[in-house]
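Note that the protein sequences, when read in sequence, are chains A and B. Position in the first sequence (from 1) plus 690 gives the number in the numbering used here. Position in the second sequence (from 1) plus 690 gives the number in the numbering used here. Working notes for the structure below.
Protein chains: 2
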Amino acid sequence: MSHHISSLEAHRLQYKPKMPKTLASGRIKIEKGSFVEPKANAAEIKQLFPATYGYPLVRLVEGESDLSTAPLCVGVVLSGGPAAGGHNAIAGLFDALKAANPQSRLIGFLGGPKGIFTNKWIELTAEKIDSYRNTGGFDMIGSGRDKIETKEQLEGCEKTAKELGLNALVVIGGDDSNTNAAVLAEYCATKKFPLQVIGLPKTIDGDMRNEFIDMSFGFDTAVRTYAYLVGNICRDARSGRKYYHFIKLMGRSASHVTLEVALQTQPNVAIISEEVKARKHTLDDVVTAIAQVVVQRAEEGKNYGVILIPEGLLEFLADFKVFLKDLGALLGQEEKQIEALPKEERVKFVAAKLSGASGELYKKLPASLQEVLLQRDSHGNLTVSQLETEKFLADLVEARLNEWKEQGRYKGKFSAITHFFGYEGRCGFPTNFDADYTYCLGYAAAQLIRGGLSGYTVSAKNLAHPVEKWEFGGVPVTSMLTMEHRKGELKPVIAKALVELDKAPFQYFAANRERWAVEDCYLSPGPIQYFGPSEVCDARNKTMLLEAGLE
Amino acid sequence: MSHHISSLEAHRLQYKPKMPKTLASGRIKIEKGSFVEPKANAAEIKQLFPATYGYPLVRLVEGESDLSTAPLCVGVVLSGGPAAGGHNAIAGLFDALKAANPQSRLIGFLGGPKGIFTNKWIELTAEKIDSYRNTGGFDMIGSGRDKIETKEQLEGCEKTAKELGLNALVVIGGDDSNTNAAVLAEYCATKKFPLQVIGLPKTIDGDMRNEFIDMSFGFDTAVRTYAYLVGNICRDARSGRKYYHFIKLMGRSASHVTLEVALQTQPNVAIISEEVKARKHTLDDVVTAIAQVVVQRAEEGKNYGVILIPEGLLEFLADFKVFLKDLGALLGQEEKQIEALPKEERVKFVAAKLSGASGELYKKLPASLQEVLLQRDSHGNLTVSQLETEKFLADLVEARLNEWKEQGRYKGKFSAITHFFGYEGRCGFPTNFDADYTYCLGYAAAQLIRGGLSGYTVSAKNLAHPVEKWEFGGVPVTSMLTMEHRKGELKPVIAKALVELDKAPFQYFAANRERWAVEDCYLSPGPIQYFGPSEVCDARNKTMLLEAGLE
């Protein structure tokens, strides 16, 4: 029994990603379109990006190619949390560079952006690439959460690029990383340093998308992984008929993951943060809504069910939101003072400093929540994934049901089991969709580089359709920027795409959820398939199909 | 978008389970073998089962059939926790009965054994069966944890059988349920009531197996589900390089699940309860062993890893075991008194009553653990799955590392994330192996019934080999029985199969684990595949292959 790789991995290494003819033909040219102004704060963005603001959209089309065939030295870096397909994006980039000129080289920076400014890298050879094709994870070169934005970091990038003779850098990351790509592109353009910077849209949350990019990569694999597990648990709930499963799913800022998993599995309840926000729901409203479904089901003799909760829910609750804002401001102002305190005294300090309703709310929280709320990640965000929102809600629902039981309004049995699915979905083998899509993204990035472009994110349209209809190009990062407060500072960011309540995916959910709440309409999507009927192994996710009007 | 079933489910409904020619040919006869004495307590078992003790082993072989072709009315019941393949066992039973005589009927008892003695059932028609072929879950007829053992329950079964004109009952369940099948068979034989009782070996834990039964059904699907998730998490750990994942896996009495998942994914640490027991390890020993691996890895610059923990671990720890025995005895003696107390006073009561080392241990436990330990399930077992052993261990390892850090013995960073995989793996679509195997089990059960047998569990051999070589038959339940204490009473039970430390699966693990601890030898088995290359979608699990000497 010699085990270097699994049987499935051996087969996946041989999978040939599908590409539209535009890319596969090799006869690729860049067609320039119009300039698109940022949706908001255009003046501020123009001021921050004087050298790179105003670039046009571009499309990759079939035709007599005038793209460079000179040997290129290109760097690639993975940034932030892993998403399935990262390795294929690198493979596509590699294959496209080699196809244009076998002398071209690809450099992989190690451990994320830090690998650039600390000059840690490996050359990505054919042998290396071949051993990672169609695999999950970011382990080929690692990843990291460092940013590229300070003067020191930018100069570090320049120094490394100079030493290596880099022509271009491809940054594979989410909204922050693509913004960083724009910052670096601007820095280079201003200094007339000849480094092109291209970004790729990665995030399992599905929130790095817009009119130019149908879907960020990794979303499809993540949602299918979670939907598989949720579908199994739905079937388990209906088999045993004795548990309510409270399942938290990754997705801090947006609820695309929860919505898609709900569309694929049809659970009894799925909370969508964006709706909670739009309707100004409080924590109490959400608890009441879930408890009411439990009561309705109990009346039908069903003391079991499945409830989906997006990871970021608490931040979208009307009362919690104000509280989090107050807390965020306090933590910003008193950051150093709080850090200087021993852990156990921080909670007391914050409780004393927070005034009004937010102070009251903080004092009423369980101690574990009080502590976790004081932690922030390197982007200045609350580490909300540490909050056990699913247990918190299950406990509150149970308490509500006990009250109602005493009042004679509820006669059922309630026993909750909680789950959190997140890490499981980030590093699996990419679905055929994600494998194809990321390979194309990398392949397209190489073409933008060959075309001399910088400060662009690779754009991708028609993804809900068969691969042949996919369209790739580039969107200037600056066209996607807006200004937002981060740690009290106004900064250029790519606005996260949220679930839109008037669009088809949410509308379909809203039209069906009352039935799903009481009847058992559970679906079992099953595990991701890589072989077999195309309608199974090449299927598009529901969000994309509904958005494209294909379902 | 009309969603009754998923695309994969639509395809799985059409899957034709593979059967060995012996069964598929229809020319089936029963070959009687020798009587096998129980491994222990033969005299007691003979005394408890005077009418059914002494039956011979039987084999289903190809040949001129003398099995009954009279129309039969057969009942089937699902018992205990769900396991993938339950629906196929019923489908195999249905098809075999109809093949022998289209007038035969199959009755499905609802909600587990209780459905028999409360006379709740549905007739399983072709239409019903066809809509559940190759699906996961026990939702076709539900399941339950009631036993069939009291006089009232036995008489209830007799009454229902009489009313329905049942010729036979097939009990699909684990060790307890198969024991119950023997009790009912004995009851009927003694009363000369013409109801035959046949059991099928179900349990995802893989502990209902012996020299007659290679593997219980549902194990293969469960371990592949968990191995998929663990493999993804290994890849995530290596990509992000900052977390230790403590993953608890289902398996209370035996560690087959944890061992198999370790063989499929090659994590840094996997604790095997049977080894812990054999070596008389204490909680402190286990914590030290894990912490040592963390230190070793930190010295190589690796502050991440994956640690597998079997659900039942705490019960196998030398110090905890004595404690649990003392606690179990106390709970047995004082059951009614404790139940009469309000919840919050029970802990105090038990703490005061437990003396010596066990009392000390109980008092030192976290409050949450103290409470959970007072809960028992209907089989009188501790509800150990409620204990968050994975968090408990992660906390203890962190504390140990902090001590070592102060002593200068450890310089790494430690950040733990915990998971529990259990419910996810019970109700997925059965693997091709489990789909084929369970269909054959049901098909074989029908032949034992046609042969007039009762008090048998369907036996299955050569399962590691291709389906053509599979051999089915029957083993008298009494031949598998032994006597064990349950709730202070000596009772006949089927001994659970534990991981044997001198057998190939554990030996392979033990020979490799030191390397796996430090080097990153992680494997990504990927999700269960139902199509594609046979080596992927029809693969046998490592436990079976190693036991059969095929790896």
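Every residue gets a Cβ at the ideal spot worked out from N, C-alpha and C, and that includes glycine. Bear in mind that the values here come from a model prediction, so they are computed numbers and not experimental data.
Judged by DSSP in its simplified three-state form, A:His1109 adopts strand.
Below 8 angstroms, enough C-beta pairs join the stretch 1162-1174 of chain A and the stretch 744-760 of chain A to call them touching: three or more.
Identification of chain B residues near A:Phe828 by a Cβ-Cβ cut-off of 7 angstroms yields Ser929, ordered along the chain. When C-beta atoms of the stretch 1082-1089 of chain B are compared with those of the stretch 1099-1109 of chain B, three or more pairs fall below 8 angstroms, so the two segments count as touching. Around B:Asn958, no beta-carbon contact reaches into chain A at under 7 angstroms, the shortest distance being about 15 angstroms.
Proximity of the stretch 945-956 of chain A to the stretch 919-928 of chain A meets the contact definition, three or more beta-carbon pairs being nearer than 8 angstroms. Between the stretch 990-1005 of chain B and the stretch 957-970 of chain B, the count of C-beta pairs closer than 8 angstroms reaches three or more; the two stretches touch.
In the three-state scheme derived from DSSP, where H, G and I count as helix and E and B as strand, B:Glu754 is classed as coil. For chain A, the residues of the stretch 1208-1222 of chain B that bring a beta carbon within less than 7 angstroms of one of its beta carbons are Leu1213, Ser1214, Pro1215, Gly1216, Pro1217, Ile1218, Gln1219, Tyr1220, Phe1221 and Gly1222, in chain order. B:Glu1050 and B:Val966 have their C-alpha atoms spaced approximately 22 angstroms apart. Our two residues, A:Leu1143 and A:Tyr1133, have alpha carbons roughly 14 angstroms apart in a direct line. With a cut-off of 8 angstroms on Cβ pairs, the stretch 791-808 of chain A is not in contact with the stretch 1174-1193 of chain A, counting fewer than three such pairs. For the beta strand (DSSP E) assignment, the uninterrupted runs of no fewer than 3 residues enclosed by the stretch 891-975 of chain A are, from N- to C-terminal side, 934-939. Distance check between B:Ile819 and each of B:Lys1151, B:Leu783, B:Tyr934 and B:Ile735 places B:Leu783 closest, using alpha-carbon atoms only.
For the set B:Gly896, B:Tyr994, B:Met905 and B:Ser696, the Cα lying nearest the Cα of B:Val947 is the one of B:Gly896.
If the five residues before and after A:Glu1078 are omitted, its C-beta is found closer than 7 angstroms to no C-beta atom of its own chain. Contact annotation: in the stretch 1115-1147 of chain B, residues whose CB is within less than 8 angstroms of a CB in chain A are Gly1115, Arg1116, Cys1117, Gly1118 and Phe1119. If only complete runs of 4 or more residues are kept, the stretch 794-873 of chain B shows the alpha helix (DSSP H) at 804-807, 816-820 and 841-854, in order along the chain. Residue state for B:His1155 is assigned as coil, using DSSP reduced to three classes.
Judged by pairs of C-beta atoms under 8 angstroms, the stretch 860-879 of chain A does not touch the stretch 1190-1199 of chain A, as fewer than three such pairs exist. In this structure, the beta-carbon distance from B:Ala1150 to B:Leu1131 falls below 8 angstroms. Within 7 angstroms of the CB of B:Ile923, the CB atoms of chain A belong to Tyr1113 and Glu1114, in sequence order along the chain. CA-to-CA, the gap between A:Gly798 and A:Gly855 works out to about 14 angstroms.
With fewer than 16 other Cβ atoms from the protein chains shown falling within 10 Å of its own Cβ, A:Pro761 counts as exposed. Chain-ordered listing is empty here: chain B has no CB closer than 9 angstroms to the CB of A:Ala781, the nearest sitting near 16 angstroms. When the alpha-carbon of B:Pro884 is set against those of B:Lys722, B:Cys763 and B:Val977, the nearest one is in B:Cys763.
At a cut-off of 8 angstroms, the C-beta of B:Val1087 has no neighbouring C-beta in chain A. Only residues of its own chain outside the window of five on either side were considered, and among them none has a CB closer than 6 angstroms to the CB of A:Ala1047. Taking C-alpha positions only, A:Gly1222 is separated from B:Gln1219 by approximately 9 angstroms. DSSP, read as helix, strand or coil, puts A:Phe1119 in coil.
Rounded to the nearest whole angstrom, the CA to CA distance from A:Val726 to A:Ile903 is 14 angstroms. Within chain B, not a single residue places a beta-carbon under 7 angstroms from that of A:Ser821; the smallest gap is close to 13 angstroms. Listed along the chain, the chain A residues whose CB falls inside 8 angstroms of the CB of B:Ile1107 are Tyr1113. Partner residues in a beta bridge of A:Cys1130, as assigned by DSSP, do not exist.
Within the stretch 1164-1197 of chain A, the runs of beta strand (DSSP E) that reach at least 3 residues and sit entirely inside it are, in chain order, 1171-1176 and 1179-1184.
Measuring C-alpha to C-alpha distances from A:Glu1080 to each of A:Lys938, A:Ser943, A:Leu1153 and A:Lys810 identifies A:Lys938 as the nearest.
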